[in-house]
Amino acid sequence: MGNATCCAAKVSELDRKATVQGEELLKSEAVLVSDAAFGLAKAVVADTRPAAGEVVGVAEQGSYIAVLDKAKGGKLGLDVDYMAERLVLPIMAVTGGLAGDWNTSNPGTALKKGDSIVEVNGVRGNVAVMLEKCKSDVVLNLVLSRAMTYDHLVSDLENLVNVKHCGPILIRLSWHDVGVFMQGKGGCPNAAMRFTDKGEGAWEANAGLPTVALSLLAPITQKYCPDLISHADLWALAANVSIRVMGGPDVPTRFGRADATSSADGVVANDGRLPDGDKGSDHLRAIFKPKGFDDRDIVALSGAHTVGKCHLERSGFDGPWTENPLQFDNTYYTEMMAKTFTAETTSKGCPQHRHTASGTMMLVSDLALLEDDAFKPYVQEFANDQSAFFSAYTKAWIKLQENGCESILRDVL
Numbered sequence: 000m001g002n003a004t005c006c007a008a009k010v011s012e013l014d015r016k017a018t019v020q021g022e023e024l025l026k027s028e029a030v031l032v033s034d035a036a037f038g039l040a041k042a043v044v045a046d047t048r049p050a051a052g053e054v055v056g057v058a059e060q061g062s063y064i065a066v067l068d069k070a071k072g073g074k075l076g077l078d079v080d081y082m083a084e085r086l087v088l089p090i091m092a093v094t095g096g097l098a099g100d101w102n103t104s105n106p107g108t109a110l111k112k113g114d115s116i117v118e119v120n121g122v123r124g125n126v127a128v129m130l131e132k133c134k135s136d137v138v139l140n141l142v143l144s145r146a147m148t149y150d151h152l153v154s155d156l157e158n159l160v161n162v163k164h165c166g167p168i169l170i171r172l173s174w175h176d177v178g179v180f181m182q183g184k185g186g187c188p189n190a191a192m193r194f195t196d197k198g199e200g201a202w203e204a205n206a207g208l209p210t211v212a213l214s215l216l217a218p219i220t221q222k223y224c225p226d227l228i229s230h231a232d233l234w235a236l237a238a239n240v241s242i243r244v245m246g247g248p249d250v251p252t253r254f255g256r257a258d259a260t261s262s263a264d265g266v267v268a269n270d271g272r273l274p275d276g277d278k279g280s281d282h283l284r285a286i287f288k289p290k291g292f293d294d295r296d297i298v299a300l301s302g303a304h305t306v307g308k309c310h311l312e313r314s315g316f317d318g319p320w321t322e323n324p325l326q327f328d329n330t331y332y333t334e335m336m337a338k339t340f341t342a343e344t345t346s347k348g349c350p351q352h353r354h355t356a357s358g359t360m361m362l363v364s365d366l367a368l369l370e371d372d373a374f375k376p377y378v379q380e381f382a383n384d385q386s387a388f389f390s391a392y393t394k395a396w397i398k399l400q401e402n403g404c405e406s407i408l409r410d411v412l
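Under numbering that gives the first Met the number 0, think of the first position of the sequence shown as 0, with each following residue one higher.
Put into structure tokens, the structure is as follows:
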């Protein structure tokens with residue numbers, strides 16, 4: 000029934016070929032990557048580069064080749080970080096030897112700590128064989144990538160969120176990838192939205208994600224995926240970095256999600272998998288209970304609306320939930336309780352509620368949390384205690400991100 004790649008371990012070359020299509024980015028959300036940014040090579044293919052917007056670079060980037068000939072004698076002079084689940088061998092240290100000699104003779108392609116070996120004598124994607132070749136082959140033709148480690152990746156994500164203020168849509172990207180899971184019906188986070196011919200990438204509920212969100216991530220995706228990290232793992236990590244950068248809890252990320260290789264690996268139809276903003280408490284329970292969540296979890300996860308806004312052209316709803324939509328805190332609950340909202344209908348025909356003085360809004364599904372006797376105590380709890388909200392949100396969010404794939408995840412990238 001789709002999502003066969005959830006428990007798979009292989010990475011297809013299609014990961015490199017999946018493209019995003021659709022409407023042009025709004026200038027305010029566009030990301031432009033140029034050769035001048037941090038001295039990088041082009042990071043985005045031409046059809047995903049907007050015409051205007053500020054430059055957002057990634058850490059020093061580029062592939063290079065080094066040739067080490069052990070026939071000359073001496074030690075290799077490289078310490079690498081081996082993990083069987085990875086596709087690359089990150090360099091932990093250059094300790095002299097042949098690597099040190101290479102660096103002296105070839106300063107422009109010097110081997111550096113933090114670079115990663117992606118190919119050894121024509122072999123890539125199998126680190127066990129790559130490592131064995133490093134030990135046994137006399138001449139090593141190495142292909143390496145600059146600055147390709149977990150720390151570089153996190154730094155690049157932090158930079159993206161700080162410069163482009165795109166944390167909310169990165170959280171939504173992960174949420175809609177992981178939210179397809181339902182007990183008894185399958186579904187799992189596998190980045191199937193990369194494919195827009197049908198399935199998850201074509202759902203109305205995901206409008207803006209295969210275009211805006213993935214274009215924002217494109218420079219990072221093209222540097223790190225799939226050699227260091229899968230697309231699905233990147234989306235989960237990007238959301239968690241966004242939450243922390245915007246002031247929220249530091250949510251741990253586990254890794255090992257396998258990517259879809261086509262839209263057929265995703266869920267075909269959004270048949271009650273993602274919540275609708277124009278429905279009430281019964282609908283919320285119908286959506287979240289099959290994912291394994293109780294009432295407190297539902298209210299906590301709804302608190303992600305403390306950041307971001309609805310875009311009329313994507314969802315039919317319009318406006319931010321809070322007065323500071325880039326600050327991850329408990330304001331969603333405090334403003335919900337303190338303000339009076341007036342019912343309105345957007346120009347797209349969607350019902351919502353507006354606070355006239357501030358311009359903030361709440362969806363029908365938001366105010367349902369106050370109207371339901373079982374939900375309301377948790378709204379009050381989280382409004383009065385931000386630490387309680389952060390704790391409950393972290394617990395529920397980790398479960399959401401790991402539903403359908405928890406058995407294959409590991410703590411280290």
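Every residue gets a Cβ at the ideal spot worked out from N, C-alpha and C, and that includes glycine. Computed from a prediction, not measured in an experiment: that's the story for all the values here.
Looking only at DSSP bridge pairs, what is residue i linked to?
{"i": "K308", "result": "P319"}
{"i": "L62", "result": "One point to set straight first is that residue 62 is Ser, not Leu, in the sequence displayed. In DSSP, S62 forms a bridge with S144."}
{"i": "P89", "result": "S115"}
{"i": "V79", "result": "I90"}
{"i": "D68", "result": "V138"}
{"i": "T344", "result": "P350"}
{"i": "R295", "result": "Answer is none; R295 lacks a bridge partner."}
{"i": "M360", "result": "R353"}
Nearest CA to the CA of residue i: which residue from the options?
{"i": "P216", "options": "G166, E199, K398, S364", "result": "The amino acid occupying residue 216 in the given sequence is Leu; Pro does not appear at that position. It is G166."}
{"i": "K112", "options": "I90, N125, A127", "result": "I90"}
{"i": "H310", "options": "A65, E131, A204", "result": "A204"}
{"i": "Y332", "options": "L325, T321, F340", "result": "T321"}
{"i": "K288", "options": "F180, K132, G76", "result": "F180"}
{"i": "Y392", "options": "G348, L300, A356, L139", "result": "L300"}
{"i": "V87", "options": "S115, T108, V66", "result": "S115"}
{"i": "G276", "options": "I242, R313, A268", "result": "R313"}
{"i": "G271", "options": "D281, A263, S262", "result": "D281"}
{"i": "A268", "options": "H175, E118, V122", "result": "H175"}
{"i": "D365", "options": "C224, C187, A127, H304", "result": "H304"}
{"i": "D328", "options": "G279, Q385, K375", "result": "Q385"}
{"i": "W101", "options": "L141, E131, S135", "result": "L141"}
{"i": "P432", "options": "P218, G247, A373", "result": "In the structure as shown, the chain begins at 0 and stops at 412. Residue 432 is therefore absent and cannot be evaluated."}
{"i": "G96", "options": "G72, R85, N105", "result": "G72"}
{"i": "D80", "options": "A231, V126, L283", "result": "V126"}
{"i": "L369", "options": "S357, A382, G358", "result": "A382"}
If you measure between the beta carbons of residue i and residue j, is that distance less than 9 Å?
{"i": "G291", "j": "G200", "result": "no"}
{"i": "F316", "j": "M245", "result": "no"}
{"i": "R171", "j": "G307", "result": "yes"}
{"i": "Q400", "j": "T252", "result": "yes"}
{"i": "K69", "j": "V138", "result": "yes"}
{"i": "R145", "j": "S62", "result": "yes"}
{"i": "Y377", "j": "R243", "result": "no"}
{"i": "D78", "j": "T94", "result": "yes"}
{"i": "M413", "j": "Y223", "result": "Nothing in the structure corresponds to residue 413, since the chain is present only between 0 and 412."}
{"i": "A98", "j": "G76", "result": "yes"}
{"i": "V162", "j": "L169", "result": "no"}
{"i": "L156", "j": "L227", "result": "no"}
Could you tell me how far apart the beta carbons of residue i and residue j are, in whole angstroms, since I believe they sit closer than 8 Å?
{"i": "A191", "j": "G183", "result": "At roughly 19 Å, the Cβ-Cβ gap does not stay under 8 Å, so A191 and G183 are not in contact."}
{"i": "M82", "j": "V411", "result": "7 Å"}
{"i": "A92", "j": "S173", "result": "Not confirmed; about 34 Å, so no contact."}
{"i": "V413", "j": "L143", "result": "For the chain, the structure presents residues 0 to 412; residue 413 sits outside this window and is missing."}
{"i": "I64", "j": "G255", "result": "At roughly 30 Å, the Cβ-Cβ gap does not stay under 8 Å, so I64 and G255 are not in contact."}
{"i": "P225", "j": "D258", "result": "7 Å"}
Tell me the DSSP secondary structure of residue i in three-state form.
{"i": "H352", "result": "strand"}
{"i": "T94", "result": "coil"}
{"i": "C404", "result": "coil"}
{"i": "G255", "result": "coil"}
{"i": "M245", "result": "coil"}
{"i": "R272", "result": "coil"}
{"i": "E203", "result": "helix"}
{"i": "G52", "result": "Residue confidence for G52 is low, a pLDDT of 43 falling below 50, so the modelled location carries little weight and cannot support an answer."}
{"i": "G185", "result": "strand"}
{"i": "V267", "result": "coil"}
{"i": "R409", "result": "strand"}
{"i": "V57", "result": "coil"}
{"i": "V177", "result": "helix"}
{"i": "V122", "result": "strand"}
{"i": "S314", "result": "helix"}
{"i": "E84", "result": "coil"}
{"i": "T250", "result": "Sequence check: residue 250 is Val here, not Thr. Looking at V250 - three-state DSSP - the assignment turns out to be coil, as it is neither helix nor strand."}
{"i": "A235", "result": "helix"}
{"i": "S154", "result": "helix"}
{"i": "D281", "result": "helix"}
{"i": "I219", "result": "helix"}
{"i": "F327", "result": "coil"}
{"i": "D416", "result": "Past the boundaries of the shown model lies residue 416; the chain is included only from 0 to 412, so the question cannot be answered."}
{"i": "S261", "result": "coil"}
{"i": "N105", "result": "coil"}
{"i": "A190", "result": "coil"}
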